[in-house]
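Heads up: the sequence shown runs through residues 48 to 530, numbered per our numbering. Here's the structure, in structure tokens; my notes come after.
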Amino acid sequence: MPVKPFQLFLLCLSLPLALRGQPATQSIPILIINHVTVIDATTSSPKLDMSVVIMGDRIRSITPYSHARRAANAVVVDARGKFLIAGLWDMHVHSLSQGQPDRFFPLFVANGVTGIRDLGGDISLEHIARLKKETSEGSRLGPEIYAAGPILEGEHRFWPFSLSVKDPAEAHRAVSELTNGGADFLKVYNTLSRETYLAIASEAKAARIPFVGHIPNSVTPAEASDLGQKSIEHLWGIPLYLSSEPEQLKKMSAEADNADDPKTARDLFYKVNQAILASYDSKKADALFEKFVHNSTWQTPTLVVLRSYASIHNPRLREDPRNAYIADDLRKFWESTGGVPDLRNDDIQLRLFAHDIEIVRAMHSFGVPLLAGTDTPNPYTYPGFSLHEELQLLVSAGLSPREALRTATLRAAEFLGIQRDFGSVETGKVANLVLLDANPADDIRNTEKIRAVILRGKFLSREALEELLENEKRSLPGQKTRR
Ligand SMILES: [Zn+2]
């Protein structure tokens, strides 16, 4: 169940930090965070001993504490030794299917994820509009929502709730239907035919709506970039394209897909994967990454889900204590993925994941714009929790902790075109903030040391966040997932 506003108010009273003063009695509540170090997500250096004044849902001022004025009726938080960062965005989630907002939204908030980009579920655009309204008004606890609505798929859909688009005429109808229906962007999928994908690209351009997602087999990542696809998810098709013989490997993959006997399929896939690892063409990679920079084609590598799939037979995944937050039927689905363990295949999957990390490292050194996303709730990607793992993986791919942090804050807001209101700790912006016990610029793992979350100006203490998490463990209905 979502937490009701009155419950929130009660939760806010049990603050772990020393609170002085009275809760605001005037119509616009004032929250002041004193003595805090502000890490604002721009390139400027951390600001020590600041006083951050929040009025209603906006940051009103950020001044050195020594210059700060006192305000009557303000709730004052003494945040000595704490660090304030912008609320985090998970830029690749699937949390808008039936039952999921109730389950997942509190987990996002409890983990400092105050914004999501949702790439497809079975909830209608009308229902999504209601959820946006409820979260922005505060009648439902949840993150800011940017959503695709139904996924655009080809004639043979992978997901039953996707919109099947089989030719350019249908592409025209689908793009105008989704655009008029309030979709923030379009999600394209690998099942689309080449001609339908090309039609969606030109219709989207005409309708001025971004399109993002996977890439059909019949389209290369370079073409997708030139056609204006705004983001590519999961490094879709990129490792294969960067091998020296992509067309031959695509043929072998198709043969594997159509093979009757599972062993033949496994052997063929193994060969494809071996060839991907053995024939990385770095000149081609340089040209592709230059193109991505030139065309502003963003990448959401979703390393955390790639790692889950690469290590799907690792028994440690099933022992993860965060499984307690996951409904039985979703967890059973997770446990059923990956098929039969196969040492040879499991080993090459891990090597492919290491290769993915190196691709992200190369992209980053070229300046390809990156976003932090998890693909939750795909196997062993936990709503809210896993975004922190994604940041750690981005650091392992060569980003500095502050660069990684920006992929989930300012860069996310820039991608969505909402940097005027979101993405950094700056005066005038919406007060979606996370207060940390330790400096994330020193060690990215410190983003997990959450002392409090401020959601549209509402202060949620550690105790309040713990209560949200506890609530989630109770009564867990089943759900499905997608990628
Ligand atoms: Zn996805």
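The beta carbon of each residue, even a glycine, is placed where N, CA and C say it ideally should be. Quantities reported herein were computed from a predicted structural model and do not represent experimental measurements.
Item	Value
The segment 446-458 in contact with the segment 391-403 per 3-pair CB rule at 8 Å	no
Cβ-Cβ distance between Ile491 and Leu438 below 7 Å	yes
Trp206 versus Ile198 - alpha carbon distance	8 Å
Contained alpha helix (DSSP H) runs [length at least 4] in the segment 288-315, N- to C-terminal order	293-305
Pairwise C-alpha distance: Leu350 and Ala499	27 Å
Assigned secondary structure, Asp489 (DSSP; H/G/I helix, E/B strand, else coil)	coil
Whether Tyr112 touches Ser98 by CB criterion (7 Å)	yes
Glu514 classed as buried or exposed, judged by whether at least 16 other C-beta atoms fall within 10 angstroms	buried
Check: Leu225 C-beta below 6 Å from any heavy atom of ligand 2	In terms of ligand content, the structure shown lacks ligand 2 and carries ligand 1 instead.
At least 3 beta-carbon pairs within less than 8 Å: the segment 455-475 vs the segment 411-420	yes
Beta strand (DSSP E) segment containing Pro111, residue limits	Arg105 to Pro111
Gln295 classed as buried or exposed, judged by whether at least 16 other C-beta atoms fall within 10 angstroms	exposed
Three-state secondary structure (DSSP) of Tyr429	coil
Touching by the beta-carbon criterion (3+ pairs, under 8 Å), the segment 314-327 and the segment 347-365	no
Asp422 beta carbon near ligand 1 (any heavy atom closer than 6 Å)	yes
Pairwise C-alpha distance: Phe336 and Ala357	24 Å
Alpha helix (DSSP H) segment containing Gln541, residue limits	There is simply no residue 541 to check, as the chain begins at 48 and stops at 530 in what is shown.
Neighbourhood of His360 by C-beta distance below 8 Å, restricted to the same chain and skipping five residues each side	Gly385, Pro388 and Asp393
Proximity below 7 Å, CB of Ser265 to CB of Asn342	no
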